[in-house]
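Structure, as structure tokens:
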Amino acid sequence: MPARTARTAWNGTFQEGSGQVELSSSGVGTYDVSFPARAAEEANGVTSPEELLAASHSSCFTMAFTNELGGAGATPEQIEVTAVVTLGPDPAGGLHISKSALTVRGFASGIDEAGFKAAAEAAKVGCPISKALTGVGQITLDVTFEG
Numbered sequence: 049m050p051a052r053t054a055r056t057a058w059n060g061t062f063q064e065g066s067g068q069v070e071l072s073s074s075g076v077g078t079y080d081v082s083f084p085a086r087a088a089e090e091a092n093g094v095t096s097p098e099e100l101l102a103a104s105h106s107s108c109f110t111m112a113f114t115n116e117l118g119g120a121g122a123t124p125e126q127i128e129v130t131a132v133v134t135l136g137p138d139p140a141g142g143l144h145i146s147k148s149a150l151t152v153r154g155f156a157s158g159i160d161e162a163g164f165k166a167a168a169e170a171a172k173v174g175c176p177i178s179k180a181l182t183g184v185g186q187i188t189l190d191v192t193f194e195g
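FYI, in this note's numbering the residues of the sequence shown are 49 to 195.
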């Protein structure tokens, strides 16, 4: 499997500096980052490692989930996954990712609600990003079958 690359260029101090993260492998964009924006309630056009991690988790989970559904003989019709990644104080000092909350809404033909939810649980455990997040205090899953 291929490796993917991102690069960050930073100027200034941790508290007052800023940088740009470049999605180098795909070339799809370069995005502003800063600690003040990272720690603020509103992002105001500046991304953060947590937002990028949320994008990674939601997209990886969605791929794993649709694979699980296919393996169960179902056809995904409409799937929407949102990931909310929370940054908070670490009891040991500094900051840490305290939670990634996945919310799934959707429908797949050829499967009932119980099978849909079982596929989601399997994807939560099997998704490579979920596996990478084993140090996160909590990964939650809220599933709604809209069939």
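All C-beta atoms in this analysis are idealised placements derived from N, C-alpha and C, irrespective of residue type, glycine included.
Under 7 Å Cβ to Cβ from residue i, same chain only, skipping five residues before and after it: list those, please.
i	result
C175	C108, F109 and A112
A171	F109, A112, F113 and E116
Between the beta-carbon of residue i and the beta-carbon of residue j, is there less than 8 Å?
i	j	result
L189	L150	yes
V184	A168	no
S96	A131	no
Q186	G154	no
A120	G75	no
L135	E89	no
Which one or two residues does DSSP pair with residue i in a beta bridge?
i	result
E70	R55 and T78
Q126	F155
I145	L135
I187	S148
T192	R153
T95	V81
Using a Cβ-based criterion (distance less than 7 Å to any ligand heavy atom), does residue i qualify as near the ligand ZN?
i	result
A51	Looking at this structure, you won't find the ligand ZN or any other ligand, since it has none at all.
Rounded C-beta distance between residue i and residue j? I'm assuming under 8 Å.
i	j	result
R55	S72	5 Å
A103	N92	Their Cβ separation, rounded to whole angstroms, is 18 Å, which puts A103 and N92 out of contact at 8 Å.
A180	G158	In fact, because the Cβ distance is near 31 Å, the residues do not count as touching under 8 Å.
S148	V133	5 Å
Excluding the 5 residues flanking residue i on each side, which residues of the same chain have their C-beta closer than 6 Å to its C-beta?
i	result
A57	G67 and Q68
G60	none
I177	S104, H105 and C108
G195	F155
K165	V191
Might you give, ordered along the chain, the residues of its own chain that have their beta carbon closer than 8 Å to the beta carbon of residue i, omitting 5 neighbours on each side?
i	result
F62	F83
T78	Q68, V69, E70 and L71
E161	F193 and G195
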